[in-house]
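**Q** Numbering (UniProt numbering), first residue to last: 1 to 391. Note that the Cβ used here is the ideal one computed from N, Cα and C, for glycine as well. Quantities reported herein were computed from a predicted structural model and do not represent experimental measurements.
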Ligand code: NAD
Ligand code: MG
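1) So residue 82 packs on residue 108, CB below 8 Å; how close in whole Å?
2) Counting C-beta neighbours from all protein chains within 10 Å, is the total for residue 89 16 or more, i.e. buried, or is it exposed?
3) Can residue 127 be considered in contact with ligand 2, in the sense that its beta carbon sits closer than 7 Å to one or more heavy atoms?
4) Would the beta-carbon of residue 152 be found less than 7 Å away from any heavy atom of ligand 2?
5) Identify, in the order they occur along the chain, each residue of the same chain with its Cβ nearer than 7 Å to the Cβ of residue 274, setting aside the five sequence neighbours on each side.
6) Taking the DSSP output, what are the residues bridged to residue 7?
7) Just curious, the beta strand (DSSP E) that residue 279 is in, first and last residue?
8) For the beta strand (DSSP E) that residue 29 lies in, which residues bound it at each end?
9) Quick one: what does DSSP say residue 361 is sitting in, helix, strand or coil?
10) Any heavy atom of ligand 1 closer than 7 Å to the CB of residue 211?
11) Determine the closest residue to residue 323 out of 210, 377, 292 and 110, with distance taken between C-alpha atoms.
12) Fully enclosed by the segment 132 to 181, which alpha helix (DSSP H) runs are 4 residues long or longer?
13) Whose C-beta lies closer than 6 Å to the C-beta of residue 131 among residues of the same chain, with five residues either side of it excluded?
14) Out of curiosity, what's the CA-to-CA distance linking residue 66 and residue 98?
15) Decide if residue 77 is buried, meaning its Cβ has at least 16 other Cβ atoms within 10 Å, or exposed.
16) Cα separation between residue 225 and residue 369?
17) Please report how far the alpha carbon of residue 5 lies from the alpha carbon of residue 192, in whole angstroms.
18) One question on the structure: do residue 254 and residue 172 come within less than 8 Å of each other, judged by their Cβ atoms?
19) Is the beta carbon of residue 276 sitting closer than 8 Å to the one on residue 102?
20) Classify residue 53 as helix, strand or coil using the three-state DSSP reduction.
21) Could you check which residue in 341, 251 and 246 has the C-alpha nearest to that of residue 299?
22) Give me, in chain order, the residues of the same chain whose beta-carbon lies closer than 7 Å to that of residue 24; leave out the 5 immediate sequence neighbours on both sides.
23) Measuring straight from C-alpha to C-alpha, what distance separates residue 95 and residue 2?
24) Residue 126: which of 327, 139 and 115 sits nearest, CA to CA?
25) Contact defined as beta carbons within less than 8 Å: I believe residue 155 pairs with residue 250. What is the distance between those atoms, to the nearest angstrom?
26) Do you know how far the Cα of residue 146 is from the Cα of residue 238?
27) Buried or exposed: residue 332, going by 16 or more other Cβ atoms within 10 Å of its Cβ?
28) Give a single yes or no on whether residue 9 has its beta carbon closer than 7 Å to a heavy atom of ligand 1.
29) Can you name, in chain order, every residue of its own chain whose Cβ lies under 6 Å from the Cβ of residue 28, other than the five neighbours on each side?
30) Grab the span of the beta strand (DSSP E) containing residue 243 for me, first residue to last.
31) Going along the chain, which unbroken runs of the alpha helix (DSSP H) with 4 or more residues stay wholly within the UniProt domain "DXP reductoisomerase C-terminal" (264 to 380)?
32) Would the beta-carbon of residue 91 fall within 8 Å of that of residue 36?
33) Could you check where the alpha helix (DSSP H) with residue 113 kicks off and where it finishes?
34) Tell me where the beta strand (DSSP E) around residue 69 begins and ends.
35) On the CB-based measure, 16 or more other CB atoms within 10 Å of its CB, does residue 336 come out buried or exposed?
36) Kindly give me the distance between the Cβ atoms of residue 339 and residue 182, rounded to whole angstroms, as I take these residues to be in contact under 8 Å.
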């Protein structure tokens, strides 16, 4: 039996993870679940999976959850706040941690799981974007097993040889695929009028709103380039992005001898989630088997950086190094939040990120506090820019 903690259990990745757990009661038990505000949904999951612990975002949410659980006769112990998240992530009673909180809010708990030497199923890409060096050091130092859940990185992980340097030397490139999002072919001069609902209507994947907007700007791919750099030790020159609108090839690895290995499947996050949960075994995930005869053609194209300036900004931040990726991520979170709230235009997202990247940065990438200082400084700068652009 593997005991699993799911952080961000009410989100899109969290729900898919619970669906895989549900299919394998003989293999998995749920140790802890977390949610920020969706107390009703978390209460329902606690009633079904009977975790020992549940964590929510505030004391009010904790009281509400306790009342619901009492009514339902569920004995889950409830706590709240960031420290409680770190505590359930590092608990000796859990073997694996699904890190599926969205944004910088997921950093400390993901890191706590790594420092406790857990099997870390990492969906929260922001942990690596913000503090890749610190995170990867923690994984090595504490003997954690890091399994990438982001579909592209999961695909690359499946296509790479073991990390023995003799075999890795033969890798010439990692090729990250991107759907291109909902605006791949839209006239760029009309992008300033995009509404949040249009930006969140992804053609291939059903995801949370923040990552959906990031897919529409292709900032998501930019964050993934930085994520791939840390996960696979690849410099920016060895990471290439290809638009692949069908979302069937989830990414590829090119080798010195001309071979290219790809991982294919229907676009459904339960595949990488099940892979991470059972690794190195393979289990049923509930995903419809891929039928290439009905998939139609598979197309690939080079992304247009004028249409997707956020992708170019992410490459710039990776090359600049230090806290630049953390600054990029923080500025983007503020800009996307403002866009979703109707405060700025879709096209302002890139302007805010570019503006903040162009200013001097606070903090340092050496320590977690340094990274958090960079994050806070970039958020303040982004809020100012958002206010100056506000409609
Ligand atoms: P989501 O918005 O659907 O869910 C987010 C979860 O985090 C919810 O359970 C929410 O309660 C919790 N949460 C939000 N703010 C919080 C806070 N301040 N403190 C604690 N918990 C908080 O997001 P999602 O789409 O499931 O994405 C989760 C993570 O996985 C993100 O980092 C995203 O980039 C990554 N990811 C998602 C997908 C996908 O298909 N959805 C694919 C690849 C990677
Ligand atoms: Mg992805």
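**A** Taking the coordinates as given:
1) Their Cβ separation, rounded to whole angstroms, is 6 Å, which keeps residue 82 and residue 108 in contact under 8 Å.
2) Burial is judged here by how many other beta carbons sit within 10 angstroms of a residue's own beta carbon; residue 89 has at least 16 and is buried.
3) Residue 127 has its Cβ no nearer than 7 Å to any heavy atom of ligand 2.
4) Checking the Cβ of residue 152 against ligand 2 gives yes.
5) Non-local C-beta neighbours of residue 274 in its own chain, meaning closer than 7 Å and more than five positions away in sequence, comprise 20, 283 and 285, ordered along the chain.
6) Answer is 99, bridged to residue 7.
7) Where residue 279 is concerned, there is no enclosing beta strand (DSSP E), given that its DSSP letter is neither H nor E.
8) Run containing residue 29: 28 to 34, per the beta strand (DSSP E) assignment.
9) DSSP places residue 361 outside both helix and strand once states are collapsed to three, so it counts as coil.
10) Yes, since a heavy atom of ligand 1 falls inside the 7 Å radius drawn around the Cβ of residue 211.
11) The shortest Cα separation from residue 323 among 210, 377, 292 and 110 belongs to 377.
12) Unbroken alpha helix (DSSP H) runs of no fewer than 4 residues, entirely contained in the segment 132 to 181, are found at 151 to 159 and 165 to 168, following chain order.
13) Answer for residue 131: 371, listed in chain order.
14) Annotation: residue 66 to residue 98 spans about 23 Å, alpha carbon to alpha carbon.
15) Counting Cβ neighbours within 10 Å, residue 77 comes out exposed, since fewer than 16 surround it.
16) Their backbone Cα atoms lie some 24 Å apart in a straight line.
17) Residue 192 has its alpha-carbon roughly 41 Å from the corresponding atom of residue 5.
18) For residue 254 and residue 172, yes; Cβs fall inside 8 Å.
19) Note that the C-beta distance between residue 276 and residue 102 is not below 8 Å.
20) Residue 53 falls in the strand class under three-state DSSP.
21) Looking at the Cα atoms, 246 is the closest of the given residues.
22) Counting only Cβ-Cβ distances below 7 Å, and skipping sequence neighbours, we find 283.
23) Between residue 95 and residue 2, the C-alpha separation is close to 6 Å.
24) Out of 327, 139 and 115, the CA that lies nearest to the CA of residue 126 is found in 327.
25) The beta-carbon separation of residue 155 and residue 250, rounded to 4 Å, stays under the 8 Å limit for a contact.
26) Going from the Cα of residue 238 to the Cα of residue 146 covers about 22 Å.
27) That one is buried.
28) Yes, ligand 1 has a heavy atom inside 7 Å of this Cβ.
29) The residues are 2, 4 and 21.
30) Per DSSP, the continuous beta strand (DSSP E) segment holding residue 243 begins and ends at 239 to 243.
31) Within the UniProt domain "DXP reductoisomerase C-terminal" (264 to 380), the complete alpha helix (DSSP H) runs of at least 4 residues are 270 to 278, 292 to 295, 309 to 320, 324 to 340 and 348 to 357.
32) Cβ distance not < 8 Å, so residue 91 and residue 36 don't count as in contact.
33) Per DSSP, residue 113 belongs to the alpha helix (DSSP H) from 107 to 115.
34) Not the beta strand (DSSP E): residue 69 falls in the alpha helix (DSSP H), residues 59 to 72.
35) Residue 336 counts as buried, since at least 16 other C-beta atoms from the protein chains shown sit within 10 angstroms of its C-beta.
36) Contact between residue 339 and residue 182 does not hold, since the beta-carbon distance rounds to 14 Å and is not under 8 Å.
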